[in-house]
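Undergrad:
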Amino acid sequence: MASSSLRPQSNYDVHLNFRGVDTRYQIPRHLDASLCRKGMKTFIDDQEFGRGEEIWPAILEGIGGSRISVMIFSSEYGSSTWSLEKLVEILESKRKDGLIVILAFYYVQPSDENQMGRIGDAFVKHERRFMEHPEMVENWCEALIDASHLPRFRFTITRREADILLDILNAIQEKIPGLSQPKKRKCASVPSMASSVKKPHHLVIQLNIPKPVSPPNLVYIEAASYGQEIDGLSQLEKLQVLGQGNGGTVFKVRHKQTLAIYALKVMRCDRGNPPNPQELNILRQTDCPYIVKCHQIFTNPSGEVSILMEYMNGGTLESHLKSCGRLSEDLIGTISHQVLKGFVYMHSKKIVHRDIKPANLLINQKMEVKIADFGISKIIQQCLERCSTPVGTYAYMSPERLDTEKHGGYNGFAADIWSFGVTMMELYMGYYPFLEPGQEPDFPSLMLAICFREPPSLPECSSEKFRDFIRCCLQKDDPSKRWTALQLLSHPFLADA
1 MASSSLRPQS NYDVHLNFRG VDTRYQIPRH LDASLCRKGM KTFIDDQEFG RGEEIWPAIL
61 EGIGGSRISV MIFSSEYGSS TWSLEKLVEI LESKRKDGLI VILAFYYVQP SDENQMGRIG
121 DAFVKHERRF MEHPEMVENW CEALIDASHL PRFRFTITRR EADILLDILN AIQEKIPGLS
181 QPKKRKCASV PSMASSVKKP HHLVIQLNIP KPVSPPNLVY IEAASYGQEI DGLSQLEKLQ
241 VLGQGNGGTV FKVRHKQTLA IYALKVMRCD RGNPPNPQEL NILRQTDCPY IVKCHQIFTN
301 PSGEVSILME YMNGGTLESH LKSCGRLSED LIGTISHQVL KGFVYMHSKK IVHRDIKPAN
361 LLINQKMEVK IADFGISKII QQCLERCSTP VGTYAYMSPE RLDTEKHGGY NGFAADIWSF
421 GVTMMELYMG YYPFLEPGQE PDFPSLMLAI CFREPPSLPE CSSEKFRDFI RCCLQKDDPS
481 KRWTALQLLS HPFLADA
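Just so we're aligned, residue 1 is where the sequence shown starts under full-length UniProt numbering, counting upward by one.
1) Starting from the C-beta of glutamine 285, find all residues in its chain whose C-beta is less than 8 Å away, skip the five residues before and the five after it, and write them out in chain order.
2) Just reading off the alpha helix (DSSP H) that cysteine 472 is part of, what are its end residues?
3) Which residues share a DSSP beta bridge with residue 505?
4) Between leucine 233 and isoleucine 164, what straight-line distance do the alpha-carbon atoms span, to the nearest angstrom?
5) Does the beta-carbon of threonine 334 have 16 or more other beta-carbons within 10 angstroms, so that it is buried, or is it exposed?
6) Please determine, among Leu91, Leu402 and Lys94, the residue with the shortest C-alpha to C-alpha distance to alanine 415.
7) Rounded to the nearest angstrom, what separates threonine 249 and leucine 361 at their Cα positions?
8) Going by Cα to Cα distance, which pick from Thr393, Ser75 and Lys238 is closest to valine 108?
9) Measuring alpha carbon to alpha carbon, tell me which residue in Ser328, Met267 and Ser457 is nearest serine 302.
10) Please state the DSSP three-state secondary structure of glutamine 296.
11) Count the other CB atoms, across all protein chains shown, that sit within 10 Å of the CB of cysteine 294; report buried if there are 16 or more and exposed otherwise.
12) Whether or not the region 75-89 and the region 23-43 are in contact is what I'm after, with contact meaning three or more pairs of Cβ atoms, one per stretch, closer than 8 Å; do they touch?
13) Roughly how many angstroms separate the alpha carbons of leucine 308 and leucine 236, rounded to a whole number?
14) Can you look up serine 192 in the DSSP assignment and give me helix, strand or coil?
15) Methionine 131 to glutamate 85, Cα distance in whole Å?
16) Indicate whether isoleucine 102 and alanine 147 have their beta-carbon atoms separated by less than 7 Å.
17) Who pairs with valine 369 in a beta bridge, going by DSSP?
18) Could you check how far apart the C-beta atoms of isoleucine 100 and lysine 38 are, in whole angstroms? I think they sit under 8 Å.
19) Closest to leucine 91 by C-alpha separation, out of Tyr106, Ile68 and Asp32, would be which residue?
20) Run through the DSSP bridge pairs and tell me what tyrosine 345 is partnered with.
21) What is the DSSP secondary structure of glycine 315, counted as helix, strand or coil?
22) Helix, strand or coil: which one does DSSP assign to asparagine 281?
23) Which term fits leucine 486, buried or exposed, when burial requires 16 or more other beta carbons within 10 angstroms of its beta carbon?
24) Pop quiz: phenylalanine 374 and isoleucine 282 are said to be a contact at Cβ under 8 Å. What is the actual Cβ separation, rounded to whole angstroms?
25) State yes or no: is the C-beta of histidine 30 within less than 7 Å of the C-beta of serine 66?
26) Cβ atoms of phenylalanine 413 and histidine 491: under 7 Å apart, would you say?
27) Pull the bridge partners of histidine 15 from the DSSP assignment, please.
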């Protein structure tokens, strides 16, 4: 759009409209910081800062006095009448005054776009609540429909949030030319009254993880950069054994032509112990940056299955813990962020891992963390389907998994969260938290500690936010109170990580 089309009377370059409780404030915070560096003046409109007649004039000034309005639209946006009123004003300003509106869907499900999901449920409640004012609800509905026709950006689990924010920033710059030289300014905002954090719902900005210095003479080629298919196992050269277990043997291999490095898991079809078809199905359908990538699957007439996967040259978090010792809170926060994003992807596809532990979390030289080993994982056919088989490593099982008869089965998603919480505690403390250091983890002692004692607490030297984060994972008496992966991603502990 040419600069002449911009409104000369504008007091602000960009109006940022969002619900802080949904976005955990990180997305607008990062966007505002980027705009500031570009010399743009923003009006920050947090949907939770307050309500009332004394606030509304400031909101109208922010909307009417801006050149561009960036709306970060979440699945819960339509549940707030306050949000809907502002949406009506934004679109009215677009029609009358030429306000440019940029829409970003923040992990919005397709059903919500069509008002068939959470937004549809919210409008059913609005219609009941405002039966005497149907025209008001109709205006909100029409505003949502109008907004849905606007071009939009999408935050999705398969793309880095930082990349999406960059796209939004570039779009804003195209609308406001001539701002290449940053200038000092203060951004305007209405004082927030949402300092206390509720139990929220959505994801957070991806952290940039520093790349550690590589060991001398390290040769490491990212296999993912090679798009060609490998015709057969004869093209691979075995370099070393990375690990062995009941599920098979994992080798470090090199592609003879490209020299790309992979991990190759070989599963032999022993009598009565065939490869788990669920694992193969899961590996074929998963495509997430927080889960170890499966490149190809090979089979032979004898029933042997070989899975070619990306190679994580840092090994497991278990080996890292043994060689380097306990981890800091900051590093655990970074690790948690990545693992939980993997959970969000898995659980959205109804996949439960059932064996989360340090040995099944892999790292590379960039300290990127990825979930591995789906040998005992399960695809839940229905959201409320309960698991009944206590498979996995006993030390990381939740109480309801160890005693399924007492609990009538267990929720696999909540059980993954428990295992995750125990794992993060172990990484921080340096030893398995349910037993004393050096104590042998036999089944009777594990059963006693997990099922009949209160979950352990972190030491007092840890931060209160970290202790609360772990408490949210290790809710014992009522597993339904454990926070989901989405909710944990919005916990204050990760805001500081």
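Beta carbons are placed, not taken as given, at the ideal position from N, Cα and C, and that holds for glycine.
TA: Taking the definition as stated:
1) Against the sequence shown, residue 285 aligns to sequence position 285. Correct list, in chain order: Lys349.
2) As a first step, residue 472 is located in the sequence shown; it is residue number 472 there, counting from the start. For cysteine 472, the enclosing alpha helix (DSSP H) covers residues 464-473.
3) Residue 505 lies beyond the stretch modelled for the chain, which goes from 1 to 497, so this question has no answer here.
4) Position 233 of the sequence shown, counted from the start, is the residue given in the question as residue 233. Position 164 of the sequence shown, counted from the start, is the residue given in the question as residue 164. Looking at the two C-alpha atoms, the distance is approximately 38 Å.
5) Sequence index remark: in the sequence shown, residue 334 carries index 334 (1-based). Threonine 334 is buried by the Cβ-count criterion.
6) Taking the sequence shown and counting its residues from 1, the one referred to as residue 415 is at position 415. Comparing Cα positions, the closest option is Leu402.
7) By 1-based counting over the sequence shown, the position of residue 249 is 249. By 1-based counting over the sequence shown, the position of residue 361 is 361. If I take the Cα positions, the gap works out to 17 Å.
8) Stepping through the sequence shown from its first residue, residue 108 is reached at position 108. Checked all of Thr393, Ser75 and Lys238; the closest Cα to valine 108 is Ser75.
9) For the purposes of this step, residue 302 is taken as the residue at position 302 of the sequence shown. Out of Ser328, Met267 and Ser457, Met267 has the C-alpha closest to the C-alpha of serine 302.
10) One-based indexing of the sequence shown puts residue 296 at position 296. Strand at glutamine 296.
11) Taking the sequence shown and counting its residues from 1, the one referred to as residue 294 is at position 294. Answer is buried; the Cβ neighbour count reaches 16.
12) no
13) One-based indexing of the sequence shown puts residue 308 at position 308. One-based indexing of the sequence shown puts residue 236 at position 236. C-alpha separation (whole angstroms): 10 Å.
14) Residue 192 sits at position 192 when you count from the first residue of the sequence shown. Residue confidence is low: serine 192 scores 37 on pLDDT, short of 50, so the model does not pin down where it sits. Its coordinate-derived value is still stated next. Looking at serine 192 - three-state DSSP - the assignment turns out to be coil, as it is neither helix nor strand.
15) Position 131 of the sequence shown, counted from the start, is the residue given in the question as residue 131. Position 85 of the sequence shown, counted from the start, is the residue given in the question as residue 85. One C-alpha to the other measures close to 17 Å.
16) Mapped onto the sequence shown, residue 102 falls at position 102. Mapped onto the sequence shown, residue 147 falls at position 147. Their beta carbons are not under 7 Å apart, which means isoleucine 102 does not touch alanine 147 by this criterion.
17) Numbered from 1 along the sequence shown, position 369 holds the residue referred to as residue 369. The partner list for valine 369 (beta bridge, DSSP) reads Ile363.
18) Here residue 100 corresponds to residue number 100 of the sequence shown, with the count starting at 1. Here residue 38 corresponds to residue number 38 of the sequence shown, with the count starting at 1. The beta-carbon separation of isoleucine 100 and lysine 38, rounded to 16 Å, does not stay under the 8 Å limit for a contact.
19) For the purposes of this step, residue 91 is taken as residue 91 along the sequence shown, with counting starting at 1. If we check each option's Cα against that of leucine 91, Ile68 comes out closest.
20) Mapped onto the sequence shown, residue 345 falls at position 345. Answer by DSSP bridge pairing: none, since tyrosine 345 is not bridged.
21) Start at 1 with the first residue of the sequence shown, and residue 315 comes out as number 315. Here glycine 315 sits in strand by DSSP.
22) If you number the sequence shown from 1, residue 281 lands on position 281. If DSSP states are grouped into helix, strand and coil, asparagine 281 belongs with the helices.
23) Within the sequence shown, the letter at position 486 stands for residue 486. It is buried - the Cβ of leucine 486 has at least 16 other Cβ atoms within 10 Å.
24) Translated into the one-based positions of the sequence shown, residue 374 becomes position 374. Translated into the one-based positions of the sequence shown, residue 282 becomes position 282. Correct: roughly 5 Å between the Cβ atoms.
25) Indexing the sequence shown from 1 puts residue 30 at position 30. Indexing the sequence shown from 1 puts residue 66 at position 66. In this structure, serine 66 does not lie closer than 7 Å to histidine 30 by Cβ.
26) Position 491 of the sequence shown, counting from 1, holds the residue named residue 491. Position 413 of the sequence shown, counting from 1, holds the residue named residue 413. The answer is no: Cβ separation not under 7 Å.
27) Here residue 15 is taken as the residue at index 15 of the sequence shown, counted from 1. Phe43 and Ser69.
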